[in-house]
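Q: Quick note: the sequence shown, position 5, residue 42 per my numbering, numbers continuous. Think of the CB as a built atom: it goes at the ideal place given N, C-alpha and C, for glycine as much as any other residue. Remember, predicted model here, so these are calculated numbers, not experimental data.
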Amino acid sequence: VYSEVLGEFNECYKLFMEMSHGRDIVAWTGIITAFAVYDPERAILLFGQLRHENLSPDWYTFSSVLKACAGLVTARHALTIHGQVIKGGFGAD
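#1: Could you check where the alpha helix (DSSP H) with Arg88 kicks off and where it finishes?
#2: Taking the alpha-carbon positions, what's the Gly120 to Glu48 distance?
#3: What three-state label does DSSP hand Ile58 in the structure shown?
#4: If I'm right that Ile69 touches Ser101 with Cβ under 8 Å, what's the distance once you round it to whole angstroms?
#5: How close, in whole Å, do the beta carbons of Phe99 and Val122 come, if the pair is a contact with beta carbons under 8 Å?
#6: Would DSSP call Gly44 helix, strand or coil?
#7: CB of His114 to nearest heavy atom of the ligand SAH: below 6 Å?
#8: Tell me the rounded alpha-carbon separation between Leu109 and Ile62.
Rendered as structure tokens:
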């Protein structure tokens, strides 16, 4: 079952990467959320790509990438993302 689900996510990822237009924060958050549970490392890498494209993550994006961090149990990633949450003005939410 895991390989079937991951295969579907990989197909979604392929389609996402082929998109030339419309890769807005909603699309990025969707693909990050899809990978957060089954492939958290890829979710974190995708978050890095999102930041590289100078998009501003929203609360939903941060929530998904933090879920990925929890799946990896990496305090360093979680602290980095937490810093970005605060810097982005989402600390009071």
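A: The answer reads as follows:
#1: Working through the sequence shown from its first residue, we reach residue 88 at position 51. Taken as a continuous stretch (DSSP letters only), the alpha helix (DSSP H) holding Arg88 covers 77-89.
#2: Position 83 of the sequence shown, counted from the first residue, corresponds to residue 120. Position 11 of the sequence shown, counted from the first residue, corresponds to residue 48. Roughly 32 Å between the two C-alpha positions.
#3: Here residue 58 corresponds to residue number 21 of the sequence shown, with the count starting at 1. The identity of residue 58 in the sequence shown is His, whereas the question assumes Ile. The answer is coil: DSSP assigns His58 none of H, G, I, E or B.
#4: Taking the first residue of the sequence shown as 1, we reach residue 69 at position 32. Taking the first residue of the sequence shown as 1, we reach residue 101 at position 64. Contact flag correct, Cβ pair sits at about 5 Å.
#5: What you label residue 99 is simply residue 62 of the sequence shown in a count that begins at 1. What you label residue 122 is simply residue 85 of the sequence shown in a count that begins at 1. About 5 Å; that satisfies the 8 Å criterion.
#6: In the sequence shown, the residue the question calls residue 44 occupies position 7. It is helical.
#7: The ligand SAH is not part of the structure shown, which contains no ligands of any sort.
#8: Within the sequence shown, residue 109 is the residue found at index 72, counting from 1. Within the sequence shown, residue 62 is the residue found at index 25, counting from 1. About 23 Å.
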